[in-house]
Structure formats: C-alpha cells, structure tokens
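Worksheet: one structure, shown below.
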Amino acid sequence: MTKSKPKVLLLGPLPPPYMGPSIATEILMKSQMNEYFTLINLNTNTHETLSTLGRWTPSRILDNLKLYIKLTLQIIKYSPSLIMVPISQTKIGFLKDSVFILISWMLGSRTLLQLRGGNFRHWLNSTSGIMQAYVSFILKRAQGVIVLGEKLRSLFANHFPNERIFVVPNGADFPVNPGVKKISGRVRLLYLANLQASKGIEDVMEAAVRIREQSGIAGYELHVVGDWFSDGIKENILELVQRNDLPVIFHGIATGAEKWSFFREADIFIFPPREPEGHPWVIIEAMAAVLPIISTDQGAITESVIDGLNGFIVDTQSPAQIAAKILLLIQNEELRLKMGRESRRLYEENFTEGKMVERLSHAFNAVLSDRCAG
C-alpha cells in the first residue's frame, strides 16, 4: 500500500507583481517538492502592482479578512500536516501575518515560519516593548523558522534554538544554456530588478555618469529591465540619462523567455541594493546565466557572490566603486569570462532546485517529526 504524502499548506503570494516572494511561491509550487509532499497554496497576494505595496485601504482590509476565512476553511478541509507561513518585517505586515499563525495554532496545526528578508532584527529592535512582547508570543506558536542564508540565523537566535532555525537558500533550475556566452562586440551590462532606490538603481545610474566622465562610452551599453516604483524616480533617472547622454536602454518588465534572453545576452550583472535583502532571486539567476556580478553586502548575498571570485562586493551606495568594477570587467575580458564560469559552478553546487528541495524537505520533516513537536 502506497504511503500518502504529508499535506503541506503554503501561504504565499503568486505573481503579479513579479518580486522575490511571489516568484519564490510560484517556483516552489512547481518544484520537485510535489514528489514528497502534497502542496496546497493559499495565495495571499492582495496587490496587482508595486505601487500599492504598503498601502492600506478598506478594500484591502476586506481582502485580508477573506484570507483568514479561506485559511480556516482550508485547514478544516485538508487537515494539513504542516503550514508554512511567510512573515513580514514591518509592523502592519507582521500584525497581518500573525493572524495566520494564530489561526494555525488554534486549529492545532504545526507551523513553520519563513522569512524572505534580512531586516527582521533591526525592525524588531526599533519597535515598542509591547510589540516586541507580542512578536515573541507569536513566534512561540510556531515549531521553527526558515531563513535564506547562514548569515541570517542570528535574526532568530533569541527566539528559536539553533536546530529549529533552518537555512534554505533560494534555488531553481533555470532555462539558460551555460555554454552560450558572447565574447565580442559591445559589452552589455544588465540591471534586472524593480526600479526603486532600495534596489540600487540610482547608484547604478550615477556609476554610469562617472564612467562617462572618466572613459566616455567605454564600449558598453546598459540594459535596465524592471518596473518603475514611482513616477518621481522615473523622472529623475530619465532626466539623468538624457542630460549625460548615457548608453542606457530601458525595457520595462520582462518575464519568461524574454527575461532569459536578457540574461543570455548580458556580459555583466549589476545589483547593488542599499537595504537589507534575503537571498535575491536575480543573483541566483545571474549565476546560472554565467555572469560576473557586482553587488553589495546585504542579507545573504555574500554567500553567493564571493568577492574576487565570481564578482565584486562594493560598499552600499557607492557609485564610484561600482563604476571602477564595471570598468575593470569591461577592460578585462578574460577576468569577465572566468568570473562568469565561477558563478555557474557555484550555482550548480549550491542553488539548483535539487539543493533547495533537499534543504526544504529536511526542514519540513524535522518539524513534522516528534522531536520538534511544539
């Protein structure tokens, strides 16, 4: 008789908009995890565009009330062995998520939390004593927590024993041919992320200005792929590009085959976030696409981008350093290709779907086992 697979209810948003948490949920629901667990998704997305993030309206409050009812009904219908709840690192976001955790706890389900960022401790320390006490109460209703990198374990050191803090970096199998890489012609730089200050787009543009001042065009073109976060940022950046006659091409949002065509045609990937990250998907995608990467030390990025090996880690909000590393890679094709190969090697060793499934399955099974029963 075939043993039935444990049912796991995964709370999480699905795209659009295309951003880290929604991409992660979509990849996970389609992954090899389905071979070991029966995955059920409760789509928690109440946004259609980036512009509505962080905004509360009566309709959105109603949407969240509906989600709480849906969660209750799904628990009753499916009797899941485990519920995975992503948690936010803002006051309103955590309060919203805490209701999911309380419902799961009151209905007797084992709960595994997941943090997809790296700012939790900083946010928590900035809140009131009452809020900190509430967060502690809520976290005790769960049997464990997932973080995206070893560097992020410390975020929950005061709330969970080490064996209940599970490290599961992002991982997936991407449709890119590692053998195809252009080695002649103009060097193509790629920035692919949401166009907002926290993701470093303004620093990339200022770096382009510095390159213009130091070396002219320097034989490159910068392709910017992503959605504008605000009209103000859009106006400022477009004005900067026009005023300095920068070789920048804007493409808007790209997904699927179109997105991967940008990765395949690129020579250098740039993503220098200013604020704490978790383990950005774009970093893993760039590694799979055999690209050298210029980034910053945010979240678990330095567990993927090893300074001097498969790219460079620059100081946060440092256009001068970004420009210097871009010029170095533009002028040194051999270094560019060597770093790209190292990116692919590190990706294959650590960030494939198989590696993610292995780590996540371990976390699920540990929480489901008697030794982790809360």
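Under our numbering, the first residue of the sequence shown is numbered -13, with each subsequent residue one higher.
Every residue gets a Cβ at the ideal spot worked out from N, C-alpha and C, and that includes glycine.
Determine the extent of the beta strand (DSSP E) in which residue 15 is found, giving its start and end residues.
-> No beta strand (DSSP E) holds residue 15; the alpha helix (DSSP H) holding it covers 6 to 15.
Tell whether a beta-carbon distance below 8 Å holds between residue 188 and residue 223.
-> Yes.
Would you list the one or two residues that DSSP bridges to residue 100?
-> Looking at the DSSP assignment, residue 100 forms a beta bridge with 72 and 132.
Smallest Cα separation from residue 148: which of 131, 289 and 322?
-> Checking every option, the nearest Cα to that of residue 148 belongs to 131.
Below-8 Å beta-carbon distance, residue 337 vs any chain D residue = The chain inventory of the structure shown lacks chain D, comprising one protein chain alone.
Beta carbon of residue 353, beta carbon of residue 129: below 8 Å?
-> Residue 129 sits close to residue 353, with the two beta carbons spaced by under 8 Å.
CB of residue 28 to nearest heavy atom of the ligand NAD: below 7 Å?
-> Questions concerning the ligand NAD fall outside what the structure shown contains, since it holds no ligand whatsoever.
Alpha carbon to alpha carbon, how far is residue 335 from residue 160? Give it in angstroms, no decimals.
-> Going by the C-alpha atoms only, they are around 14 Å apart.
Going along the chain, which unbroken runs of the beta strand (DSSP E) with 3 or more residues stay wholly within the stretch 262 to 348?
-> 279 to 282 and 297 to 300, all fully within the stretch 262 to 348.
Can you tell me the Cα-Cα spacing of residue 157 and residue 266, whole angstroms?
-> About 10 Å.
For residue 233, which residues of its own chain have a beta-carbon under 7 Å away from its beta-carbon, when the five flanking residues on both sides are left out?
-> Excluding five sequence positions before and after residue 233, the CB atoms of its chain that fall closer than 7 Å to its own CB belong to 203, 206, 207 and 208, given in chain order.
Between which two residues does the beta strand (DSSP E) carrying residue 207 extend?
-> From DSSP, the beta strand (DSSP E) with residue 207 extends over 206 to 211.
Determine which residues share a DSSP beta bridge with residue 139 and list them.
-> Partner(s): none; residue 139 has no beta bridge.
Quick one: what does DSSP say residue 37 is sitting in, helix, strand or coil?
-> For residue 37, the pLDDT reaches just 48, beneath the cut-off of 50, and the residue's location in the model is therefore unreliable, although a value from the coordinates is still provided. Helix.
Measuring CB to CB, does residue 107 end up less than 8 Å from residue 141?
-> Going by C-beta atoms, residue 107 is nearer than 8 Å to residue 141.
Cβ-based neighbour list, residue 226, same chain, cut-off 6 Å, excluding 5 preceding and 5 following = Only 191 meet the Cβ criterion.
Taking Cβ positions, are residue 288 and residue 299 nearer each other than 8 Å?
-> Cβ atoms of residue 288 and residue 299: closer than 8 Å.
Beta-ladder partner(s) of residue 234, from DSSP = 208.
Identify which residue in 31, 22 and 56 has its Cα closest to the Cα of residue 8.
-> Looking at the Cα atoms, 31 is the closest of the given residues.
Is the stretch 93 to 101 close to the stretch 64 to 77, with three or more CB pairs under 8 Å?
-> The stretch 93 to 101 is in contact with the stretch 64 to 77.
Can the beta-carbon of residue 326 be found closer than 8 Å to that of residue 277?
-> Yes, the pair counts as a contact, with Cβ atoms nearer than the cut-off.
Under a Cβ-count criterion, where at least 16 other Cβ atoms within 10 Å of its own Cβ denotes burial, should residue 263 be classed as buried or exposed?
-> It counts as buried.
Give me whichever residues DSSP pairs with residue -6 in a beta bridge.
-> BP columns for residue -6 point to 25 and 68.
How about residue 219 and residue 181: are their beta carbons less than 8 Å apart?
-> Yes, Cβ-Cβ distance for residue 219 and residue 181 is below 8 Å.
In three-state terms, what does DSSP make of residue 107?
-> Residue 107 falls in the helix class under three-state DSSP.
Which value, in whole angstroms, describes the spacing of the CA atoms of residue 301 and residue 95?
-> Rounded to whole angstroms, residue 301 to residue 95 spans 44 Å at the Cα level.
DSSP state of residue 195, grouped into three classes?
-> In the structure shown, residue 195 sits in a helix (DSSP, three-state: H, G or I).
How about residue 67 and residue -7: are their beta carbons less than 8 Å apart?
-> Contact: yes.
Per DSSP, residue 255 forms a beta bridge with which residues?
-> Here residue 255 is bridged, per DSSP, to 176 and 279.
Span of the beta strand (DSSP E) around residue 160 | Note, residue 160: premise wrong, no beta strand (DSSP E); not H, not E.
Work out the CA separation of residue 121 and residue 57 for me, nearest whole Å.
-> Using only the alpha carbons, I get a separation of about 21 Å.
If we count the other Cβ atoms within 10 Å of its Cβ and call it buried at 16 or more, is residue 38 buried or exposed?
-> Annotation note: pLDDT 49 at residue 38 (below 50); position unreliable, coordinate value reported separately. Only exposed fits residue 38, as fewer than 16 other CB atoms lie within 10 angstroms of its CB.
Contacting residues, own chain, Cβ-Cβ under 7 Å from residue 49 (five flanking each side not counted) = Here the set comprises 32.
Count the other CB atoms, across all protein chains shown, that sit within 10 Å of the CB of residue 90; report buried if there are 16 or more and exposed otherwise.
-> With 16 or more other Cβ atoms within 10 Å, it is buried.
Check residue 154 in the structure and name its three-state DSSP category.
-> Coil at residue 154, not helix or strand.
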